[in-house]
Amino acid sequence: MADLGLVAADLVVGLMLGCVFAVIAHGLNVIWGVTKVVNVAHGEFIMLGAYGAYYLNLYLGFNPLLSVPVDAAIGIGVGFLFYFGLLHRELRGKETITRESEMVTLVATFGLSLILSNVALAIFKGDAVGIRWAPETLALGPVGVPLGGLYVAISSVAIIAISDLFLSRTYLGNAIRAYSQDIGAAQLMGINPTRIAAIATAIGFGLTMAGGALLTVWLPVGITPLIGSTYAPISFVIVVLGGPGKMWGSLLGGLTLGILIDVLPAFGISTSIAVAVAFLILIPVLLFAREGILR
Amino acid sequence: MAQPVEPEPKPTTAGISGRTKLIAGIVVAVLIVGITSGIVYVLSQTPASAFGIVRVGFSISLTGQYNVEGKNSLTGIETAAKWINDHGGVEVNGKAYSVDLDYYDDASDPTNVVNLYPRIITQDNAQFLLAPYSSALTGAAAPLADQYDRILLSHGGSSNTLWTKGYRNLVEVLSPATTYLDGPLDWIKANHPTDKIAFLYADDAFSIVAGRAAVAHAQQLGLANASIQTYPNKGTTDFHTQLNAAKAAGADDLIGGGHFQDGQAIVSQLSSVNWKPKIVSLLVAVTEPSFQSGLGAAANNVTGPSQWESAVNYTPALAATQGFTWFGPSSADFTTLYKSIHSGLAPTYHSGEAAASLFILVKAIETANSLNTTAVRQALAQMKVMTFFGGFQVDSTGLQTAHTMVLVQWQDGQLKVVQPAAVAQSSVRYPYIP
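Top line first, the protein sequences correspond to chains Z and E.
At position 72 of the first sequence the residue is numbered 1356 (the working numbering), and the sequence of numbers has no breaks.
At position 118 of the second sequence the residue is numbered 119 (the working numbering), and the sequence of numbers has no breaks.
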């Protein structure tokens, strides 16, 4: 029988880890859901967001939470460049995103991923860096709650809530949703598809790099040029679990993974098996709920 | 009314069209590239020894997971090569050869190792090999050394299992993995025998051998195990769950780790779970200066095993009393030379063990008085040599039997040797208070 105190402690950590997973996957969710582009370079942009927060801390003394809006703004700029540099030529003038376009963008972003990770290795030299910030722990009875993780969890939920409100309550958000559902019909309603796809991509990149900044709170050390290879697969699983384009799907997918990975070991299951189980969830979802768990 | 005039055809330039010029340009470019490549290839095929060179090839992790350990290993090897070349090189049959290093970054990836070593041997003509850093990468290189009949000296791969697979050319310079965590356990047994120990170690080839040996050693000593956990070596960055479990099991001490990044992450997350073990002793990571600079106060009082520290003074006199032949510089001379060519940075144990591998190789070549692989391997099997790094003697499989380890602890920003008492700079601080 598992120790209840340990289960509670692991549940708290799992919830916070789930929120970290959610926020780093959220940008991928937006881009995939709206433009139907599977950004294979997603992990590298998480890495760049983390390095952005690190250098803002190193040179300007920013704590990682203050770096989030700065990273997001940089990410939006990068997103526009990414769209017009890589995606526009393939997506422009199309009323539906064909399988051929998906393959072209997949390969293009894969190439970008290789370029970014190798350039980062050349520049950052592979040294593990991190930001020492907010290491205090809040004692809630027998359970210790790391404040850094709590801040990330709150920020993560706030970011997802704001993006949901933006998409459902604003004209631009509704235009993005319309584009994601039917490009041809959206055009008939006077929506400029290029503008909308570029904005959605930019928002997705802003969210991704903001997620990278928040990751540095959860990981006070261990930011390396290769960190994207750890978090990109997790992000893909989360988006598939929650359903591409479903804002709260990021949180649902993230929490599912985080809780499974952190709570199963309390029942005597090794960490390696817990991670495998979390990824195995993907198979029934793909078989029985291809649009994700959320309806 | 003027008649329309047909435009005259434009004259061609000396009868050569643009298309012909383009083709001629391409042919010339291809010829230049081909001839240049041929010259480079022929030069690269020239036997190295024709120029009085002993070429020593290896891959090393300058990027990726093991970049910290790899870079320090490389600087150690470079220092050793400089010392050897400054002191007359390698003498074989009365002729002096200089050591020429030939290396590539393997990015901490065994698939790169598998591609690089054949290239180092067949294209670069390396006569002898040093292993890459880590047991996993050394394991990838070892069969290639046998396949191409080259000596492979291991300076960063210490998993005992490497020497159970029958590789004839793999020779270990450092202490084997099974002895890494004996130091902290022996100290706990002697000073706090009622402490309960949490074992937490990575599942890679080296860490799992070191971790399992530590568990067995603790059982032999009669120490109580609070918990035994492993974690995936690749990609694990979150240790909250494992630390929570160790804390909940009532552990007093934390023993284990794996390599640099996970070791640093474990210590950084102790505060998140509000746990202060009395002894924290982790593999590999602790000896690196960047462990302390990255963690700050959290690194204080963390202990770890070390293959070598510059403060540990092996001398020719000690070698003589223990029946070893001395070879190479003293610890102080090695440290001074290392600092002089590496911007004042002090060598770490990864620098020391990697440098020692080159000294041992050179001593073996000179003992064999030959550049032949079989002769040098026989010399390695029979040598009993001491360098600044400590003793060297191997058993019939190539496993190291003479080298011993020390225990180090970060104390107020300084890395101090704390065990064994005979060479200690300071006593062990207990309990761990960051």
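Idealized CB from N, CA, C, for every residue including glycine.
Taking Cβ positions only, does residue i come closer than 8 Å to chain E?
i       : result
Z:P1430 : yes
Z:D1294 : yes
Z:T1485 : no
Z:G1365 : One detail in the question is off: residue 1365 of chain Z reads as Leu in this sequence, not Gly. No, Z:L1365 does not count as interfacial toward chain E.
Z:P1348 : no
Z:L1371 : no
Z:D1546 : yes
Z:L1405 : yes
Z:G1526 : no
Z:R1461 : no
Z:V1307 : no
Z:L1342 : no
Residues of chain E with a CB under 7 Å from the CB of residue i: which are they?
i       : result
Z:G1289 : A249
Z:T1540 : Within 7 Å Cβ-Cβ: nothing; Z:T1540 doesn't reach chain E, min ~16 Å.
Z:A1437 : Within 7 Å Cβ-Cβ: nothing; Z:A1437 doesn't reach chain E, min ~13 Å.
According to DSSP, simplified to helix, strand and coil, what is residue i?
i       : result
E:W327  : strand
E:Y315  : coil
E:F129  : strand
E:K197  : strand
E:M387  : strand
E:V114  : helix
E:E289  : coil
E:T349  : coil
E:I229  : strand
E:F240  : coil
E:E173  : strand
Z:I1553 : coil
E:P306  : strand
E:G414  : coil
E:Y98   : strand
Z:I1381 : coil
E:V251  : For clarity, residue 251 of chain E is Gly in the given sequence; the question names Val instead. Reduced to three states, the DSSP call for E:G251 is coil.
E:I61   : strand
Residue i CB to nearest chain Z CB: under 8 Å?
i      : result
E:M2   : Any reading at E:M2 needs caution, since the residue's pLDDT is 45, under 50, leaving its predicted position unreliable; the model's value is listed next. Output row for E:M2: interface = no.
E:N301 : no
E:F129 : no
E:P48  : With a pLDDT of only 45 at E:P48, under the threshold of 50, the placement of this residue in the model should not be trusted; the figure read from the coordinates follows. No, E:P48 does not count as interfacial toward chain Z.
E:A266 : yes
E:A246 : yes
E:T242 : yes
What in chain E is Cβ-close to residue i, meaning under 8 Å?
i       : result
Z:S1556 : D204, T231, Y232, P233
Z:A1562 : Those do not exist, as Z:A1562 stays about 12 Å from chain E at its closest Cβ, beyond 8 Å.
Z:V1559 : P233
Could you tell me the alpha carbon to alpha carbon distance between residue i and residue j, rounded to whole angstroms?
i       : j       : result
E:E310  : E:T349  : 7 Å
E:L32   : E:L145  : 36 Å
E:A423  : E:M406  : 12 Å
E:D263  : E:T237  : 7 Å
E:Q420  : E:V429  : 8 Å
Z:V1297 : Z:S1351 : 23 Å
E:G167  : E:H156  : 18 Å
Z:L1536 : Z:L1525 : 8 Å
E:A300  : E:S269  : 8 Å
Z:T1389 : E:A312  : 57 Å
Z:W1502 : Z:P1430 : 9 Å
Z:L1400 : Z:F1368 : 18 Å
E:G19   : Z:I1511 : 51 Å
Which bits of chain B does residue i rub up against, with CB to CB less than 8 Å?
i       : result
Z:D1411 : The structure shown contains no chain B; the protein chains it does contain are Z and E.
For residue i, which residues in chain Z fall below 9 Å Cβ to Cβ?
i      : result
E:V274 : A1293, V1297, T1421, G1428, P1430
Going along chain E in order, which residues have a C-beta closer than 9 Å to the C-beta of residue i?
i       : result
Z:T1514 : K235, G236, T237, T238
Going along chain Z, which residues have a C-beta under 7 Å from residue i?
i      : result
E:G353 : The contacting residues do not exist; E:G353 stays about 21 Å from chain Z at best.
E:H1   : Look at the range of chain E in this structure, 2 to 435, and you will see that residue 1 of chain E is not part of it.
Give the residues of chain Z in contact with residue i, contact being defined as C-beta atoms less than 8 Å apart.
i      : result
E:G414 : None at all; the shortest Cβ gap to chain Z is about 15 Å.
Touch test, the region 1513–1527 of chain Z against the region 1320–1339 of chain Z, Cβ-Cβ under 8 Å, three pairs minimum: Segments in contact, yes.
Decide if the region 114–128 of chain E is in contact with the region 74–92 of chain E; the criterion is three or more beta carbon pairs, one per stretch, under 8 Å apart. Short answer: they don't touch.
Just checking, does the region 228–244 of chain E make contact with the region 193–203 of chain E on the three C-beta pairs under 8 Å criterion? Taking one beta carbon from each stretch, the region 228–244 of chain E and the region 193–203 of chain E have 3 or more pairs nearer than 8 Å; the two touch.
Would the region 1483–1494 of chain Z and the region 1357–1367 of chain Z be scored as touching if the rule is three or more Cβ pairs under 8 Å? For the pair of segments examined, the region 1483–1494 of chain Z was found to touch the region 1357–1367 of chain Z: the number of CB pairs separated by less than 8 Å reaches three.
So, do the region 1473–1483 of chain Z and the region 1416–1426 of chain Z have three or more beta carbon pairs nearer to each other than 8 Å? With contact defined as three or more Cβ pairs closer than 8 Å, the region 1473–1483 of chain Z and the region 1416–1426 of chain Z are not in contact.
Mind the definition here: the region 349–366 of chain E touches the region 381–401 of chain E only if three or more C-beta pairs lie below 8 Å; say whether that holds. In short, these stretches touch, since the Cβ pair count reaches three.
Stretch pair the region 1559–1566 of chain Z + the region 252–266 of chain E: three plus CB contacts closer than 8 Å: Touching, no.
How about the region 1549–1559 of chain Z and the region 1447–1457 of chain Z: do they share at least three Cβ pairs that are nearer than 8 Å? Under the Cβ criterion (8 Å, minimum of three pairs), the region 1549–1559 of chain Z does not count as touching the region 1447–1457 of chain Z.
I'd like to know if the region 174–183 of chain E and the region 392–406 of chain E are in contact, where contact means that at least 3 CB-CB pairs between them fall below 8 Å. Output reads yes: the region 392–406 of chain E touches the region 174–183 of chain E.
Count Cβ pairs between the region 148–162 of chain E and the region 84–93 of chain E that sit closer than 8 Å; are there 3 or more? At 8 Å Cβ cutoff, the stretches do not touch.
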